[in-house]
Structure formats: structure tokens, C-alpha cells
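Visitor: After the C-alpha cells below, expect a handful of questions from me.
Residue numbers (my numbering): 2 to 300.
Pasting the structure below:
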């Protein structure tokens with residue numbers, strides 16, 4: 002170690018900042034990248050060699066937390082960062098935190114026991130099951146009444162290619178299924194009512210063919226490692242913004258369906274008034290007068 006004499010306290014102060022920098026780097030959304038982990042380790046190594054021999058121990062503790070948060074989730078997206086973290090663990094053990102070997106060993110055994118490399122491959126069926134579980138709930142919420150989702154209707158239309166896209170969050174795919182069904186319902190209702198040239202018809206078709214696909218495509222252009230964790234605006238991630246936009250589109254379709262209900266209901270009320278007026282008059286015209294015989298005079 003290099004002894005700096007009176008300047009040693011400056012090394013220890015800098016070491017405290019190095020701990021904060023390490024934590025901020027590896028636990029941020031970008032902490033999945035190898036270069037971020039390596040960059041966070043550089044000041045740790047330098048300051049340890051300059052005299053802060055205690056520094057590897059708290060950093061090693063945070064590294065255990067890093068492995069726990071990254072390796073036991075969707076570890077494939079953080080593969081680069083995890084490899085760099087293994088290298089960092091070896092460096093920390095060489096700098097004095099040799100105890101790190103034991104918790105990492107048992108953590109590795111736990112990771113293998115929980116599925117290890119197969120964890121990512123099993124995630125797709127799980128997500129698909131979540132979508133199937135959420136679709137009935139969302140479609141019922143869209144109109145307030147249950148809707149039976151049939152396989153052919155849910156797999157047709159311009160939104161169908163996105164319904165099985167594993168890159169989309171399960172919530173977004175469930176909303177797309179609801180949008181696919183609701184827009185088709187709105188278009189069919191308006192067509193049956195002879196309202197194909199109305200604004201509602203064009204809006205419903207635009208939601209189905211333009212607005213929803215464009216929102217999904219914009220989300221898919223985000224970096225895969227940051228799409229669900231990186232904050233874009235007002236504390237919201239890309240996944241949250243996509244879900245928010247799809248919910249707005251669902252509300253818009255619901256308003257169109259409600260409008261078609263009012264339109265069809267008005268026609269039904271008009272027809273009811275006609276029937277009441279028509280048959281009430283006929284009933285009066287066909288009514289047979291009842292002749293009441295005069296009572297016999299009392300003698």
C-alpha cells in the first residue's frame with residue numbers, strides 16, 4: 002500500500018464517495034451493462050491501493066446484493082453486467098475481501114437450484130399465461146359487462162402480430178387483446194347502424210390500424226435492457242407509458258361504443274313511440290261499445 006501520511010484522510014473521504022458512486026452505478030437501470038460495473042470498480046481499486054484498505058468490504062457487500070437482484074430475475078438481459086461483477090468479485094477478494102467467496106458460492110448453488118440458465122427460457126410461457134389470465138378482466142372492464150374471448154377473434158386483425166410478441170409486457174399485450182376486440186365491436190356496431198361515414202367510425206378504425214400499432218412500435222424501438230426500467234418522463238418507464246397510452250385508446254373506443262348505444266337506443270325509443278301511438282289509436286278504434294240494458298222499472 003502507498004502511505005500518503007497527512008493526505009490519508011483525503012483518501013478515506015474519497016473512498017466514501019466511491020461507495021456511493023458504486024451503488025448508484027450498479028443499481029441503476031444501466032447497471033446491467035458490463036462497462037458500468039467496470040467503471041464503478043476503477044475508483045475502488047485505486048483508492049484501496051492508496052490506503053483505504055477497508056473499502057473492498059462494503060463494496061463486496063453491495064456486490065452480493067447486485068448478484069441477488071440481477072441473477073435471480075431476468076438474468077439474460079444483465080448477462081454482461083453479471084460477468085463483469087464476477088470479475089469484480091475476484092478483484093475484491095484479491096484486495097482483501099476474501100470472505101466474499103463463501104456467500105457467492107452458496108448464492109451460485111441457489112441460482113442453479115432455482116433453474117439457472119433455464120430461467121429465461123421458462124419466462125415466455127409464464128408471461129403468456131399471465132396474458133391469458135388478464136384478458137378476460139380487461140375486456141370486461143372495457144364495457145362493464147363480461148365478454149367471451151374466442152380464439153379466432155383474438156388472433157385476427159392488424160394488432161394480432163403483437164399479441165404474442167414476447168418483447169411486450171404482459172399488461173400491454175392484454176390491453177392489445179382488448180383493443181383488438183373492442184375496435185372490431187365498435188366498427189361492426191357502427192356499420193350495422195349505417196354510420197360508416199361518421200367521425201366515430203374513422204376514429205375507431207384509426208385506433209385499430211394506426212394509433213395502437215404506432216404506440217407499440219415506438220416502445221419496441223427502445224433499448225431492450227432499459228425499456229421496462231429506464232425512466233423516460235415523470236418517473237415513468239417505457240412500459241408504463243405504453244400501458245398508459247393503450248388505456249387511453251381503450252377509453253376512446255369505449256366512448257365510441259357508448260355513442261353507438263345512444264344512437265341505437267334513440268332509434269329504439271323513436272320506434273317505441275311510433276308503436277304506442279299507432280296501436281293505441283287502433284285499440285280505441287276497434288273497441289266494441291258495451292250496451293248496458295236499461296233496468297226494469299220498479300213497479
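Glycine included, every Cβ here is placed at the ideal spot set by N, Cα and C.
1. Using the three-state DSSP reduction, which class does residue 222 fall into: helix, strand or coil?
2. Might you give, ordered along the chain, the residues of its own chain that have their beta carbon closer than 8 Å to the beta carbon of residue 230, omitting 5 neighbours on each side?
3. In angstroms with no decimal places, state the Cα-to-Cα distance between residue 60 and residue 53.
4. Going by DSSP in three states, residue 234 sits in which element: helix, strand or coil?
5. Look at the alpha carbon of residue 209 and the alpha carbon of residue 93, and state the distance between them as a whole number of angstroms.
6. Is it right to say residue 106 is buried, meaning 16 or more other beta carbons lie within 10 angstroms of its own, or is it exposed?
7. Check residue 168 in the structure and name its three-state DSSP category.
8. How is residue 256 classed by DSSP in three states: helix, strand or coil?
9. If we ignore side chains and look at the alpha-carbon of each, how far apart do residue 241 and residue 9 end up?
10. Distance check for residue 28 and residue 67, CA to CA, integer angstroms please.
11. Output the distance between the C-alpha atoms of residue 204 and residue 235, rounded to the nearest integer angstrom.
12. Kindly indicate which residue of 225, 218, 168 and 160 has the alpha-carbon position closest to the one of residue 206.
13. Between the C-alpha atoms of residue 81 and residue 11, what's the straight-line distance to the nearest angstrom?
14. Taking the CB atoms as reference points, tell me whether residue 112 and residue 72 lie closer together than 8 Å.
Guide: For this structure:
1. Translated into the one-based positions of the chain shown, residue 222 becomes position 221. The answer is coil: DSSP assigns residue 222 none of H, G, I, E or B.
2. Translated into positions along the chain shown, residue 230 becomes position 229. For residue 230, where only same-chain residues beyond five positions count, the Cβ hits under 8 Å are 30 and 238.
3. The residue you call residue 60 lines up with position 59 of the chain shown. The residue you call residue 53 lines up with position 52 of the chain shown. When rounded, the distance between both Cα atoms is 12 Å.
4. Counted from its first residue, the chain shown places residue 234 at position 233. In the structure shown, residue 234 sits in a strand (DSSP, three-state: E or B).
5. For the purposes of this step, residue 209 is taken as the residue at position 208 of the chain shown. For the purposes of this step, residue 93 is taken as the residue at position 92 of the chain shown. Spanning the two alpha carbons is a distance of roughly 55 Å.
6. For the purposes of this step, residue 106 is taken as residue 105 along the chain shown, with counting starting at 1. Answer is exposed; the Cβ neighbour count stays below 16.
7. Taking the chain shown and counting its residues from 1, one reaches residue 168 at position 167. Shown here, residue 168 sits in coil according to DSSP, grouped into three states, outside any helix or strand.
8. Along the chain shown, one-based indexing puts residue 256 at 255. Looking at residue 256 - three-state DSSP - the assignment turns out to be helix.
9. Mapped onto the chain shown, residue 241 falls at position 240. Mapped onto the chain shown, residue 9 falls at position 8. If you take the alpha carbons of residue 241 and residue 9, they lie about 47 Å apart.
10. For the purposes of this step, residue 67 is identified with residue 66 of the chain shown, where counting begins at 1. For the purposes of this step, residue 28 is identified with residue 27 of the chain shown, where counting begins at 1. About 7 Å.
11. Taking the chain shown and counting its residues from 1, the one referred to as residue 204 is at position 203. Taking the chain shown and counting its residues from 1, the one referred to as residue 235 is at position 234. Approximately 28 Å between the Cα atoms of the pair.
12. Mapped onto the chain shown, residue 206 falls at position 205. It is 160 whose Cα lies nearest to the Cα of residue 206.
13. The residue given as residue 81 occupies position 80 in the chain shown. The residue given as residue 11 occupies position 10 in the chain shown. Answer to the nearest angstrom: the Cα atoms are 33 Å apart.
14. Position 111 of the chain shown holds residue 112. Position 71 of the chain shown holds residue 72. Yes; because the gap between Cβ atoms is below 8 Å, this pair is in contact.
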